[in-house]
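Using the numbering used here, the letters of the sequence shown correspond one by one to residues 25 to 272.
The beta carbon of each residue, even a glycine, is placed where N, CA and C say it ideally should be.
Source: prediction; values computed, not measured.
Only one structure is covered here, and it is reproduced in the block below.
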Amino acid sequence: MEQQTECAMGKIEQLIRHAYWSSGSTGIVIGLSGGIDSAVAATMCCRAVGGERVRGLVLPSSVTLPGDIEDAEEICRRLRMECCVISIDPVLDAYRTMPGYTESPYLLGNLMARTRMAVLYYHANRDRRLVCGTSNRTEYLLGYSTKHGDSAADIQPILHLYKTEVYALAETMDLPDRVLKKPPSAGLWPGQRDEEEIGLTYAEIDAALAALSRSGWKSTNSTEEKVLAMVRAGEHKRLPPPALIPPG
Numbered sequence: 025m026e027q028q029t030e031c032a033m034g035k036i037e038q039l040i041r042h043a044y045w046s047s048g049s050t051g052i053v054i055g056l057s058g059g060i061d062s063a064v065a066a067t068m069c070c071r072a073v074g075g076e077r078v079r080g081l082v083l084p085s086s087v088t089l090p091g092d093i094e095d096a097e098e099i100c101r102r103l104r105m106e107c108c109v110i111s112i113d114p115v116l117d118a119y120r121t122m123p124g125y126t127e128s129p130y131l132l133g134n135l136m137a138r139t140r141m142a143v144l145y146y147h148a149n150r151d152r153r154l155v156c157g158t159s160n161r162t163e164y165l166l167g168y169s170t171k172h173g174d175s176a177a178d179i180q181p182i183l184h185l186y187k188t189e190v191y192a193l194a195e196t197m198d199l200p201d202r203v204l205k206k207p208p209s210a211g212l213w214p215g216q217r218d219e220e221e222i223g224l225t226y227a228e229i230d231a232a233l234a235a236l237s238r239s240g241w242k243s244t245n246s247t248e249e250k251v252l253a254m255v256r257a258g259e260h261k262r263l264p265p266p267a268l269i270p271p272g
């Protein structure tokens, strides 16, 4: 098992290094939430190109828990990578001045995700860096992400891993115990928890996704039917936008 883990990590490192070298970039920028996905992705980036070439951006809002910021900072310290904490609240306040602005947890959550990605790409453009994504396979298949927000990236080192596989990989890394045990949350509104919002645990979701993949995406029970419905509803997030391509 240890050999398999090392092999899996080696492939991810090769992916990151190839993207880094072939692009001629000077480094990598990654958004850190204090959660498991960004912690694992950041660890892989630092293993691949060195912590001195990786910048972690912690982009809290008024609903971000102080503990999440502290966890993100601790991850940066352990990986010996640069850490910048930048509040996105002033940008969100500017949005509120738009004519017709209406606020709801869903609308504000999407604004937060897209604002964070805009800040990440600003840093990447300014310093000729790549933006590292932190999406996993489970969220990708479910469409549990924001278009042009957390789903945007130049490299996606853990996109092939189910959430439960991300946790297994994290257990082999030098990550804070609190990060390993923290309930998964996008942190887009107070008290938000991924599994509560979806209505299933990640273990249940991943088991259903694996079974659906084996069966040609034909459900055999109510859990698989619910997961399959989410996969279908989120398909537009995995496809390029419809467009008429001119001939020639």
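Query, Result
"Bridge partners of C108, per DSSP?", "L81"
"Please look up how many angstroms separate the CB atoms of L12 and L144, rounded, as I've assumed it's under 8 Å.", "Absent from the structure is residue 12, since the part of the chain shown begins at 25 and ends at 272."
"Would you give the residue range spanned by the beta strand (DSSP E) that I60 belongs to?", "Per DSSP, I60 belongs to no beta strand (DSSP E); it is in the alpha helix (DSSP H), 60-73."
"Please list the segments of the beta strand (DSSP E) lying wholly inside the region 91-153, counting only runs of 3 or more residues, in order along the chain.", "106-109"
"Evaluate the contact criterion for the region 109-117 versus the region 187-201: three or more CB pairs, one atom per stretch, below 8 Å.", "no"
"Leaving out the 5 sequence neighbours to the left and right, which residues in its chain are closer than 8 Å to P214 when beta-carbon positions are compared?", "V87"
"For I40, does the three-state DSSP call read helix, strand or coil?", "helix"
"List the endpoints of the continuous alpha helix (DSSP H) containing N255.", "In the sequence as displayed, the identity of residue 255 is Val instead of Asn. That run of the alpha helix (DSSP H) goes 246-257."
"Excluding the five sequence neighbours on either side, which residues of its own chain have a C-beta within less than 6 Å of the C-beta of V109, listed in chain order?", "V82"
"CB T67 to CB L103, shorter than 8 Å?", "yes"
"When DSSP labels each residue in this structure, what does V53 get in the three-state scheme?", "strand"
"How far does the alpha helix (DSSP H) with A231 in it extend, from its first residue to its last?", "226-238"
"Flag this pair as yes or no: are the beta carbons of G55 and I93 separated by less than 8 Å?", "no"
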